[in-house]
Amino acid sequence: MPPKTTQASSVTPVNAFQSLYKAYSDNTSDRLKFIDAFLFFLMLSGIVQFAYCILVTNFPYNAFLAGFSSTVGQFVLAASLRSQVNPENKDEFKEVSPERAFADFALGSIVLHFFVYNFLG
Amino acid sequence: MSTAYPIPSDISPVTVKNTASLLRIVALALISGAAIASRLFAVVNFESIIHEFCFRSRATRVLAAKGFYEFWNWFDPTAWYPLGRVVGGTVYPGLMVTSGVIYNILHALNLPVDIRNVCVLLAPGFSALTAWATYMFTKEMKDESAGLLAAAFIGIVPGYISRSVAGSYDNEAIAIFLLMFTFYCWIKALKQGSALFGTVAAVFYFYMVAAWGGYVFITNMIPLHALVLVLMGRYSDRLYVAYSSWYAIGTLSSMQVPFVGFQPVSTSEHMGALGVFGLLQIVAFGQLVRTHVSSQQFQKLLFGSVVATGILGAFAFIFLTYKGMIAPWTGRFYSLWDTGYAKKYIPIIASVSEHQPTAWPSFFMDLQFLIFLFPAGVILCFRELRDEHLFVIIYAVMASYFAGVMVRLMLTLTPVVCVASAIALSTLLDTYIDPTEPPVPEDVDDAASVATNGSSAGPAPKKGKKAANTSAIPGAKGVLGDILSATTPATKGAAAKPKGIFGIDARLVVILNTLMMLFFFVFHCTWVTSNAYSSPSVVLASQNPDGSQHIIDDFREAYYWLRQNTPQDAVVMSWWDYGYQIAGMADRPTLVDNNTWNNTHIATVGKAMSSSEEVAYPILRKHDVDYVLVIFGGLIGYSGDDINKFLWMVRIAQGVWPDEIQEPNYFTPQGEYRIDDRASTAMKESLMYKMSYYRFNELFGGNTGTDRVRQQQVPKVGPTLDYLDEAFTSENWIVRIYQVKKEDSLGRDLKSANHFSQGKKRKRSKPAPRRRAIV
Amino acid sequence: MLSILPALLLALSVQASVLTLQSPRLVVTDSTGSQLRSEPLSLSHKVATPVQISGKDTLKVTFQVVDKDGKGVQPHQTFLRFYDEKTNEEGIQPIRVTPGGKAKFDLNLSKPPLSLPPTPNGDPLKVTLLIGSSLYDPLSVELFDLVLPRSQAAPEHPLESTFHPLPEIKHTFRAENKLPPKFISAVAAGVVLAPWAVLLGLWSQVAPKPSRLFSPSILPFILSLGAFEALLFRYWVGLQIGQVLLYGAILTVPTVFAGKQALSSIGNRRLGRK
Chain A
48 MPPKTTQASS VTPVNAFQSL YKAYSDNTSD RLKFIDAFLF FLMLSGIVQF
98 AYCILVTNFP YNAFLAGFSS TVGQFVLAAS LRSQVNPENK DEFKEVSPER
148 AFADFALGSI VLHFFVYNFL G
Chain B
37 MSTAYPIPSD ISPVTVKNTA SLLRIVALAL ISGAAIASRL FAVVNFESII
87 HEFCFRSRAT RVLAAKGFYE FWNWFDPTAW YPLGRVVGGT VYPGLMVTSG
137 VIYNILHALN LPVDIRNVCV LLAPGFSALT AWATYMFTKE MKDESAGLLA
187 AAFIGIVPGY ISRSVAGSYD NEAIAIFLLM FTFYCWIKAL KQGSALFGTV
237 AAVFYFYMVA AWGGYVFITN MIPLHALVLV LMGRYSDRLY VAYSSWYAIG
287 TLSSMQVPFV GFQPVSTSEH MGALGVFGLL QIVAFGQLVR THVSSQQFQK
337 LLFGSVVATG ILGAFAFIFL TYKGMIAPWT GRFYSLWDTG YAKKYIPIIA
387 SVSEHQPTAW PSFFMDLQFL IFLFPAGVIL CFRELRDEHL FVIIYAVMAS
437 YFAGVMVRLM LTLTPVVCVA SAIALSTLLD TYIDPTEPPV PEDVDDAASV
487 ATNGSSAGPA PKKGKKAANT SAIPGAKGVL GDILSATTPA TKGAAAKPKG
537 IFGIDARLVV ILNTLMMLFF FVFHCTWVTS NAYSSPSVVL ASQNPDGSQH
587 IIDDFREAYY WLRQNTPQDA VVMSWWDYGY QIAGMADRPT LVDNNTWNNT
637 HIATVGKAMS SSEEVAYPIL RKHDVDYVLV IFGGLIGYSG DDINKFLWMV
687 RIAQGVWPDE IQEPNYFTPQ GEYRIDDRAS TAMKESLMYK MSYYRFNELF
737 GGNTGTDRVR QQQVPKVGPT LDYLDEAFTS ENWIVRIYQV KKEDSLGRDL
787 KSANHFSQGK KRKRSKPAPR RRAIV
Chain C
419 MLSILPALLL ALSVQASVLT LQSPRLVVTD STGSQLRSEP LSLSHKVATP
469 VQISGKDTLK VTFQVVDKDG KGVQPHQTFL RFYDEKTNEE GIQPIRVTPG
519 GKAKFDLNLS KPPLSLPPTP NGDPLKVTLL IGSSLYDPLS VELFDLVLPR
569 SQAAPEHPLE STFHPLPEIK HTFRAENKLP PKFISAVAAG VVLAPWAVLL
619 GLWSQVAPKP SRLFSPSILP FILSLGAFEA LLFRYWVGLQ IGQVLLYGAI
669 LTVPTVFAGK QALSSIGNRR LGRK
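Residue numbers (my numbering), protein chains in the order written: chain A, 48 to 168; chain B, 37 to 811; chain C, 419 to 692.
Here it is as structure tokens:
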């Protein structure tokens with residue numbers, strides 16, 4: 048997919064973000080948006096947990112770490128899945144078909160969840 | 037197509053392929069067999085015992101007998117008497133769990149194997165797996181043939197055998213396999229951009245964390261590789277996938293090991309990995325944004341934000357370190373950069389011979405001709421410089437440095453040396469075995485090629501003439517052209533001529549030379565293995581004058597004596613080197629052992645050993661010590677004895693009690709370390725000296741004895757002991773055990789009690805009046 | 419000589435193996451030798467007024483040990499015991515007795531014997547005579563109270579410190595972690611759960627239709643993945659690690675097959691569609 052060029056004339060940050068958002072919503076398939084929504088959710092969730100740890104207490108530190116790293120881990124796994132199924136990256140992942148990518152994702156998630164539950168205490 | 041030697045042409049490619057893979061399997065099986073067999077010298081020469089009969093085997097017994105959860109909560113009250121030791125939280129459990137699992141599987145299969153044999157044969161078994169992992173790793177670097185060579189090298193190279201002979205039940209036994217396999221998975225994940233291999237790498241990384249403290253090496257190698265790739269502009273989504281999946285799962289899993297705990301998020305050693313992880317996230321996000329927006333200024337904005345984030349992150353890291361949120365680098369780490377650091381600040385680390393800088397001969401001893409091929413292999417990696425080659429280069433540089441700093445880290449250098457040398461050697465062999473003749477222009481006369489071909493020019497012209505076709509040398513060879521031009525005389529004279537090797541004789545000269553080197557390598561490895569690395573540390577071997585082997589088994593004799601003749605709860609004090617052995621073989625509580633977690637406790641033992649009897653006695657009594665064990669090699673010339681380690685005891689004790697113990701006091705005024713008449717008073721008064729040389733002169737029938745380690749005459753009048761009784765001395769005097777006397781039942785101090793019982797007249801002293809008038 | 423009578427009476431009144439003293443007497447002289455005090459001692463009661471000596475005075479105690487027949491006896495052991503009841507200090511002074519039973523004890527305050535206990539408070543010392551012999555009954559007679567000038571307090575014995583109970587070992591534990599108030603916890607839990615709403619909201623907009631999710635080729639895969647998650651949840655609730663690994667390994671086999679089938683069917687669909 049060729050990157051969509053935006054108007055380079057008036058570049059203020061607000062404008063840039065708007066154009067970015069527009070380009071994103073135009074150019075991204077629903078499938079990827081689905082994953083992106085999940086990513087966004089994980090990011091929010093991680094941020095909230097981190098803020099809780101900083102602001103309130105980090106008492107069950109292992110539980111915090113387990114929760115936080117589950118969001119981070121899930122995030123990177125989902126991001127990997129996203130970049131692997133992204134048709135733009137087809138050349139880079141010659142050996143990884145989208146199905147294989149999902150299998151990888153499932154395996155990675157199970158391993159991750161195993162450690163998360165183990166760490167949760 | 038002309039060939040240097042006839043090759044059959046009527047074989048289908050499928051057959052060739054199948055035969056090649058069959059040969060590869062056979063070769064790998066043979067390599068595994070050789071790797072296992074060459075490690076069995078110890079069992080053949082001695083017997084099936086665990087060399088460092090140590091804590092780990094005891095822990096494994098507990099694990100096998102009581103199960104995993106019991107082991108996890110095991111509190112060992114006999115170690116570090118009277119403190120005790122929480123075992124579950126202070127060990128890397130990987131090794132014990134591995135052998136426990138193998139033991140249970142074998143028993144589930146109705147193979148009643150003793151746990152000891154599992155422990156003894158674990159290291160050879162894993163060395164076969166290491167060979168396989170190295171094969172896979174090198175295959176990713178070059179091809180299968182290089183992989184086979186690397187597997188063969190790692191299978192028999194002494195640098196690795198030194199830590200994995202049968203019976204050396206040590207963490208390193210399985211760690212090298214895990215190291216190589218983790219690296220292999222990482223390379224594979226990077227190449228494919230596969231989260232699967234990233235996850236597998238993370239799982240093996242977890243295994244490695246559970247098995248060896250050297251996991252920090254992986255923790256820093258992989259991020260370093262990723263960082264170099266990013267800095268070289270080689271960022272790709274594959275890198276993101278591989279690194280992120282490895283780091284996210286690997287870090288979380290490494291925190292499951294109780295001994296590691298929260299370190300991955302709180303110590304400096306692990307921060308690099310975290311930083312690279314964050315950097316990759318930012319870069320990935322930037323890439324994503326760039327696919328959607330390509331405004332010039334926007335990119336600048338992005339670049340600026342990336343730089344700002346990096347700087348902010350660095351400042352945050354420094355701030356957190358300063359505030360103590362992130363633990364600073366540990367002492368062991370500093371000692372990697374400044375070799376003098378440990379001696380100054382943490383003598384307990386420097387006192388271990390494994391932590392000394394490596395001596396030059398040991399490189400040759402451990403690696404033989406691989407050490408010469410190693411740079412060639414690294415340079416060959418530069419030729420192609422794919423992502424994975426970069427990994428080998430970084431690995432080579434880092435490991436070379438570390439191996440030079442610490443003997444122990446020779447072990448991490450060995451795999452990369454094997455891989456790089458295998459690449460070099462296999463390139464060489466590829467070039468010379470390849471039957472394709474280089475194209476020769478028509479006008480070149482045969483004489484030139486004969487002249488350049490060297491002395492035996494027999495079949496060369498014939499072949500040279502046949503070289504009439506125009507097929508170019510295969511691409512891989514073309515890349516190597518430069519090197520070949522430098523190394524091969526065949527092309528020297530002909531600058532304009534095509535490069536390559538002509539004739540079979542030139543090939544044979546090189547190949548035979550290579551084969552000879554390989555044979556020498558095998559001989560060297562076998563010799564080193566059988567002579568240097570296969571003796572258990574508790575059993576010494578020496579040669580009788582007639583050449584037969586003489587086994588010196590003092591250690592086990594003494595430990596068995598302890599086991600049989602002392603009460604179960606008798607506390608034995610010795611220097612920490614022997615703690616595990618005493619606990620394992622004699623089954624008695626010890627004060628300190630090889631798990632050197634408590635410096636003060638060790639310093640207490642050092643103080644007791646280096647003070648006079650009167651000072652040491654209260655220390656001994658306060659720690660309920662019943663027996664003191666010293667190792668003395670002066671009679672038969674065993675140089676690893678306690679007198680030679682004595683200065684370290686002094687130094688460690690000095691670190692805690694600088695007022696009471698001073699190292700210079702133990703030297704003669706000339707600054708010599710002597711044990712003869714000129715030894716300093718502090719030296720002669722010290723408990724260690726007295727225990728070592730007590731009654732030593734009696735062996736020589738009135739003449740003065742000679743210490744065969746120090747090559748010095750001991751004083752004519754030997755030391756006397758008032759507070760200790762000699763309880764046991766082994767056959768060759770290597771182990772001497774003393775019993776600590778109880779307080780005198782009449783309330784005298786033991787010195788005067790001893791004088792009394794020897795019939796010496798006590799000096800009459802007037803007791804002080806109790807009543808003093810007010811002046 | 420008045421005291422001889424009661425002493426004799428005493429000696430007569432007890433049985434034969436009893437020792438007694440003949441003419442016990444104390445004399446206090448000052449440094450010049452002039453007698454300050456001199457009186458006989460009694461075995462039955464101690465001297466009424468405490469004997470006070472000071473400066474360079476000398477205390478002299480004389481007696482003769484005799485058996486019931488009045489014959490001088492040399493006992494095996496003869497001691498004078500000085501005992502301070504308040505401070506519990508005591509001193510034992512052996513006394514040399516001649517074979518004839520005669521004994522003499524001098525206490526010169528300018529050269530006090532080693533055994534004399536310190537008297538920091540000037541309290542009287544009880545002076546007791548102890549006589550022991552294998553042939554006779556032992557004798558312990560309180561003679562008189564002795565008041566000495568104040569001296570310095572008793573020096574502490576070098577081993578004194580070891581004869582006290584050790585201080586009780588107090589373990590310091592890490593401070594108990596504090597849980598935040600219920601209210602804050604509840605709010606935080608709500609906030610942490612809030613992103614789910616965002617997720618569901620976003621998904622409702624962009625979710626592709628799960629058209630083939632329940633097709634027979636894919637459903638087993640989804641179910642086995644769900645089973646894995648359930649197993650891991652059970653691990654958290656109360657399974658042991660060995661069991662989890664065992665069940666997980668068992669569960670892997672159908673999952674791999676189901677996954678292979680499901681994904682290949684999807685793959686075929688995708689490739690076929692293209």
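In this text, a Cβ means the ideal position worked out from N, Cα and C, and glycines have one as well.
If you're wondering where the values come from, they're calculated on a predicted model, not measured in any experiment.
Exercise. Could you tell me the boundaries of the beta strand (DSSP E) in which C/Phe-738 lies?
Key: Because residue 738 of chain C is not part of the residues shown, which for chain C are 419 to 692, the question remains open.
Exercise. Closer than 9 Å, Cβ to Cβ, to anything on chain C: give me those residues from the segment 89 to 120 of chain B, in chain order.
Key: Gly-103, Phe-104 and Tyr-105
Quiz item: What are the residues of the segment 648 to 667 of chain C that lie near chain B, defined by any Cβ-Cβ distance shorter than 9 Å?
Solution: Gln-658, Ile-659 and Gly-660
Self-check item: Buried versus exposed, by CB contacts within 10 Å (16 or more), B/Val-149
Solution: By 1-based counting over the second sequence, the position of residue 149 of chain B is 113. Counting C-beta atoms within 10 angstroms of its own C-beta, B/Val-149 has fewer than 16 neighbours from the protein chains shown and is therefore classed as exposed.
Self-check item: Contact residues within the segment 97 to 122 of chain A, judged by C-beta distance below 7 Å to chain C
Solution: Tyr-99, Val-103, Thr-104 and Phe-106
Quiz item: Does the Cβ-Cβ distance between C/Thr-537 and C/Leu-584 come in under 7 Å?
Solution: What you label residue 537 of chain C is simply residue 119 of the third sequence in a count that begins at 1. What you label residue 584 of chain C is simply residue 166 of the third sequence in a count that begins at 1. Taking 7 Å as the Cβ cut-off, C/Thr-537 and C/Leu-584 do not qualify as a contacting pair.
Quiz item: For the segment 289 to 306 of chain B, which residues have a beta carbon sitting closer than 8 Å to at least one beta carbon of chain A?
Solution: Taking 8 Å as the Cβ-Cβ cut-off against chain A, the residues of the segment 289 to 306 of chain B that qualify are Ser-289, Met-291, Gln-292, Phe-298 and Val-301.
Quiz item: Going by other Cβ atoms of all chains shown within 10 Å of its Cβ, with 16 needed for buried, is B/Gly-783 buried or exposed?
Solution: As a working note, residue 783 of chain B is residue 747 in the second sequence. Label assigned to B/Gly-783: exposed.
Quiz item: For C/Pro-468, which three-state DSSP category applies?
Solution: Here residue 468 of chain C is taken as the residue at index 50 of the third sequence, counted from 1. DSSP places C/Pro-468 in coil when its eight states are reduced to three.
Practice problem: Report the rounded CA-to-CA distance for B/Ala-278 versus B/Gln-392, giving the unit in angstroms. | Solution: Numbered from its first residue, the second sequence carries residue 278 of chain B at position 242. Numbered from its first residue, the second sequence carries residue 392 of chain B at position 356. Near 36 Å, if we compare the C-alpha coordinates of B/Gln-392 and B/Ala-278.
Quiz item: Listed in chain order, which residues of the segment 523 to 547 of chain C have Cβ atoms closer than 7 Å to some Cβ of chain B?
Solution: Pro-530, Leu-532, Leu-534, Pro-535 and Pro-536
Quiz prompt | Where B/Thr-626 sits in the DSSP three-state scheme | solution = Looking up residue 626 of chain B in the second sequence gives position 590. Here B/Thr-626 sits in strand by DSSP.
Self-check item: the segment 134 to 148 of chain A / the segment 271 to 288 of chain B touching (three or more Cβ pairs under 8 Å)
Solution: yes
Quiz item: Taking the C-alpha atoms as reference points, what is the distance between C/Pro-576 and B/Thr-255?
Solution: The residue you call residue 576 of chain C lines up with position 158 of the third sequence. The residue you call residue 255 of chain B lines up with position 219 of the second sequence. Spanning the two alpha carbons is a distance of roughly 58 Å.
Self-check item: For B/Phe-298, three-class secondary structure by DSSP
Solution: The residue given as residue 298 of chain B occupies position 262 in the second sequence. Residue state, collapsed to three classes: coil.
Quiz item: Excluding the five sequence neighbours on either side, which residues of its own chain have a C-beta within less than 7 Å of the C-beta of B/Asn-580, listed in chain order?
Solution: Here residue 580 of chain B corresponds to residue number 544 of the second sequence, with the count starting at 1. The beta carbon of B/Asn-580 sits closer than 7 Å to those of His-586, all from its chain and outside the five residues before and after it, given in chain order.
Quiz prompt | 8 Å CB neighbourhood of B/Lys-175 in its chain, flanking five on each side removed | solution = Position 139 of the second sequence holds residue 175 of chain B. Cβ within range, chain order: Ala-182 and Gly-183.
Quiz item: Going along the chain, which residues of its own chain have a beta-carbon closer than 6 Å to the beta-carbon of B/Arg-746, five neighbours each way excluded?
Solution: On the second sequence, position 710 is the one that residue 746 of chain B refers to. Hits under 6 Å: Ile-711.
Quiz item: DSSP on C/Lys-478, reduced to helix/strand/coil?
Solution: In the third sequence, the residue the question calls residue 478 of chain C occupies position 60. Three-state result, C/Lys-478: strand.
Practice problem: Find out if the Cβ-Cβ distance for the pair B/Pro-755, B/Asp-713 is shorter than 7 Å. | Solution: As a first step, residue 755 of chain B is located in the second sequence; it is residue number 719 there, counting from the start. As a first step, residue 713 of chain B is located in the second sequence; it is residue number 677 there, counting from the start. Against a cut-off of 7 Å, the Cβ pair of B/Asp-713 and B/Pro-755 comes out as no contact.
Self-check item: Contact residues within the segment 571 to 586 of chain C, judged by C-beta distance below 8 Å to chain B
Solution: Within the segment 571 to 586 of chain C, Ala-572 and Pro-573 place their CB atoms closer than 8 Å to a CB of chain B, listed in sequence order.
Quiz prompt | Heavy atom of the ligand NAP within 6 Å of B/Gln-585 beta-carbon | solution = The ligand NAP is absent from the structure shown, which contains no ligand whatsoever.
Exercise. Excluding the 5 residues preceding and the 5 following C/Asp-524 in the sequence, name in chain order all residues of the same chain whose CB lies nearer than 7 Å to its CB.
Key: Along the third sequence, read from residue 1 onward, the residue named residue 524 of chain C stands at position 106. So the qualifying residues of the chain are Thr-476 and Lys-478.
Quiz item: In its own chain, which residues sit with a C-beta less than 8 Å from the C-beta of B/Ala-830, not counting the 5 before and 5 after it?
Solution: Residue coverage of chain B in this structure runs from 37 to 811, which leaves residue 830 of chain B outside it and unanswerable.
Practice problem: Quick one: which unbroken alpha helix (DSSP H) runs of 4-plus residues sit fully inside the segment 110 to 185 of chain B? Chain order, please. | Solution: 130 to 144 and 151 to 177
Quiz prompt | Three-state secondary structure (DSSP) of B/Leu-421 | solution = On the second sequence, position 385 is the one that residue 421 of chain B refers to. Reduced to three states, the DSSP call for B/Leu-421 is coil.
Quiz item: Starting from C/Gln-495 and walking both ways along the beta strand (DSSP E), at which residues does that stretch end?
Solution: Locating residue 495 of chain C in the third sequence gives position 77, counting from the first residue. It spans 495 to 502 - the beta strand (DSSP E) in which C/Gln-495 sits, taken as one unbroken run.
Exercise. Give the residues of chain C in contact with A/Leu-91, contact being defined as C-beta atoms less than 7 Å apart.
Key: The residue given as residue 91 of chain A occupies position 44 in the first sequence. Within 7 Å of the CB of A/Leu-91, the CB atoms of chain C belong to Pro-613 and Val-616, in sequence order along the chain.
Quiz item: For C/Ala-593, which residues in chain A fall below 8 Å Cβ to Cβ?
Solution: The sequence position of residue 593 of chain C within the third sequence is 175, counting from 1. Those do not exist, as C/Ala-593 stays about 11 Å from chain A at its closest Cβ, beyond 8 Å.
Quiz item: In the structure shown, what three-state DSSP assignment does B/Val-515 receive?
Solution: Sequence index remark: in the second sequence, residue 515 of chain B carries index 479 (1-based). Residue placement at B/Val-515 is poorly supported in this model, since its pLDDT is 42, which falls under 50; the coordinates still yield a value, given next. B/Val-515: helix per DSSP, three-state reduction.
Self-check item: Residue range of the beta strand (DSSP E) that includes B/Tyr-663
Solution: Your numbering for residue 663 of chain B matches position 627 in the second sequence. Where B/Tyr-663 is concerned, the enclosing beta strand (DSSP E) stretches over 661 to 667.
Quiz item: Shorter than 7 Å from the beta carbon of A/Ser-167 to some beta carbon of chain B?
Solution: Taking the first sequence and counting its residues from 1, the one referred to as residue 167 of chain A is at position 120. The identity of residue 167 of chain A in the sequence shown is Leu, whereas the question assumes Ser. No, no contact with chain B.
Quiz item: Given that A/Lys-80 touches chain C, what residues does it touch there, using C-beta distances under 7 Å?
Solution: Along the first sequence, one-based indexing puts residue 80 of chain A at 33. Near A/Lys-80 (Cβ distances below 7 Å), the residues of chain C are Val-624.
Quiz item: In chain A, which residues lie with their C-beta within 9 Å of the C-beta of B/Tyr-276?
Solution: Translated into the one-based positions of the second sequence, residue 276 of chain B becomes position 240. Correct list: Val-123, Ala-126, Ser-127 and Ser-130.
Practice problem: Closer than 6 Å by C-beta to C/Pro-638: which residues in its own chain qualify, once you throw out the five before and the five after it? Chain order, please. | Solution: For the purposes of this step, residue 638 of chain C is taken as residue 220 along the third sequence, with counting starting at 1. If we look at C/Pro-638 and ignore the five residues flanking it on each side, its Cβ neighbours are Ala-676.
Quiz prompt | Contact under 7 Å by Cβ, B/Val-776 with B/Val-651 | solution = On the second sequence, residue 776 of chain B is found 740 positions in, with the first residue counted as 1. On the second sequence, residue 651 of chain B is found 615 positions in, with the first residue counted as 1. No; because the gap between Cβ atoms is not below 7 Å, this pair is not in contact.
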